[in-house]
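J.:
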Amino acid sequence: MFFGIDITYIIFVLPALILAMWAQANVNSTFNKYKSVSNSRGYTAYDVARRILNMNGLNNVKIERVSGHLSDHFDPKANTVRLSDSTYQSSSVAAIGVAAHEVGHAIQHATAYMPIKIRNAIVPVVQISSYAAFPLAIIGIIFGSNRLVLAGVILFSLVVLFQLITLPVEFNASRRAIKTLESNYILEGNELSGAKKVLFAAALTYVASAAVAIGNLLRLLVLAGGRRRD
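What the sequence shown shows, in our numbering, is residues 7 to 236, in sequence order.
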């Protein structure tokens, strides 16, 4: 602390949070820009998702509509691609890009893509770690318990690992989406370019999330190290 200001937060976390806020604003503005650009063939995001799934022999994968804006995701437990209200019936190049990306995750799951297998395997542990890591470490720092501090650091390291593994998973799903849209002439020219921009903006939000996690881990390590020196 310096005059009541947590320097570690300013150095390690605040820049990453600013990046995360910018990335979220950027993905929203990019999606909004291209949601008004319809594809020339009149496909809806649902049409494209179903077509790509069937092309890959994934006729058993369901597509459902889910409420919300950009709440699109693939649920491996239910074997279902869920498309948000802003995507499902939209014929915009933005919506089609998002739908193809989520289908990319379904294909990853079906082909046993290793990074997504690792990410899915550690999800239960990470859910606990994200809530318990900092309280454990802070309690350990306050009471001088190196074991609690170490436990907190290890747990939060798992959160960072999850964020880092998420990056290749998301980038790979986007590459699959763009390649499929282009090679099957679903989108071309400016339409394809718009979808690429939407997916790139979305990818930056995952980069920002990883940066926030790394910043928090570095802050935790510095706080723990400073306490030991005291």
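Glycine residues also receive a C-beta, built at the ideal position from the N, C-alpha and C atoms.
My understanding is that Ala-105 touches Leu-89, with C-beta atoms under 8 Å, so please give their C-beta distance in whole angstroms.
T.: Residue numbering aside, residue 105 sits at position 99 when the sequence shown is read from its first letter. Residue numbering aside, residue 89 sits at position 83 when the sequence shown is read from its first letter. Going by Cβ atoms, the distance from Ala-105 to Leu-89 rounds to 6 Å, so yes, they are a contact pair.
J.: Tell me which residue opens and which closes the alpha helix (DSSP H) that Phe-162 is part of.
T.: On the sequence shown, position 156 is the one that residue 162 refers to. 152 to 189 is the span of the alpha helix (DSSP H), which, as asked, contains Phe-162.
J.: Can you give me the Cβ contacts of Gln-114 inside the same chain, cut-off strictly under 6 Å, excluding the 5 residues immediately before and after it?
T.: Numbered from 1 along the sequence shown, position 108 holds the residue referred to as residue 114. Closer than 6 Å at Cβ, skipping near neighbours: Ile-122.
J.: Rounded to a whole number of angstroms, what is the C-alpha to C-alpha distance between Lys-203 and Lys-185?
T.: By 1-based counting over the sequence shown, the position of residue 203 is 197. By 1-based counting over the sequence shown, the position of residue 185 is 179. Looking at the two C-alpha atoms, the distance is approximately 14 Å.
J.: Taking one C-beta from the stretch 79 to 94 and one from the stretch 193 to 210 each time, how about it: are there three or more such pairs within less than 8 Å?
T.: No: fewer than three Cβ pairs fall under 8 Å.
J.: Apart from the five residues on each side of it in sequence, which residues of its chain come closer than 6 Å, Cβ to Cβ, to Ala-219?
T.: The residue you call residue 219 lines up with position 213 of the sequence shown. These residues qualify, in order along the chain: Val-165, Val-166, Gln-169.
J.: Apart from the five residues just before and just after Leu-154, which ones in its own chain have a Cβ nearer than 6 Å to its Cβ?
T.: On the sequence shown, residue 154 is found 148 positions in, with the first residue counted as 1. Contacts found: Leu-142, Ile-145, Gly-146.
J.: With DSSP as the reference, label Ser-136 as helix, strand or coil.
T.: Taking the sequence shown and counting its residues from 1, one reaches residue 136 at position 130. Here Ser-136 sits in helix by DSSP.
J.: On the DSSP letters alone, give me the boundaries of the alpha helix (DSSP H) that Thr-36 sits inside.
T.: Here residue 36 corresponds to residue number 30 of the sequence shown, with the count starting at 1. Counting along the chain, the alpha helix (DSSP H) containing Thr-36 begins and ends at 20 to 40.
J.: Between which two residues does the alpha helix (DSSP H) harbouring Arg-47 extend?
T.: The count along the sequence shown starts at 1 and reaches residue 47 at position 41. Counting along the chain, Arg-47 falls outside any alpha helix (DSSP H), and DSSP gives it neither H nor E.
J.: From Ala-139 to Val-131, what distance separates their C-alpha atoms?
T.: Sequence index remark: in the sequence shown, residue 139 carries index 133 (1-based). Sequence index remark: in the sequence shown, residue 131 carries index 125 (1-based). Between Ala-139 and Val-131, the C-alpha separation is close to 11 Å.
J.: How many angstroms separate the CA atom of Leu-229 from the CA atom of Ile-134?
T.: The residue labelled residue 229 in the question sits at position 223 within the sequence shown. The residue labelled residue 134 in the question sits at position 128 within the sequence shown. Going from the Cα of Leu-229 to the Cα of Ile-134 covers about 22 Å.
J.: How about Ile-102 and Asn-45: do their beta carbons lie closer than 8 Å?
T.: What you label residue 102 is simply residue 96 of the sequence shown in a count that begins at 1. What you label residue 45 is simply residue 39 of the sequence shown in a count that begins at 1. Yes, the pair counts as a contact, with Cβ atoms nearer than the cut-off.
J.: What is the DSSP secondary structure of Ile-192, counted as helix, strand or coil?
T.: The residue labelled residue 192 in the question sits at position 186 within the sequence shown. Of the three classes helix, strand and coil, the one that applies to Ile-192 here is coil, per DSSP.
J.: Mapping DSSP to helix, strand and coil, what is His-75?
T.: Here residue 75 refers to the residue found at position 69 of the sequence shown. His-75 falls in the coil class under three-state DSSP.
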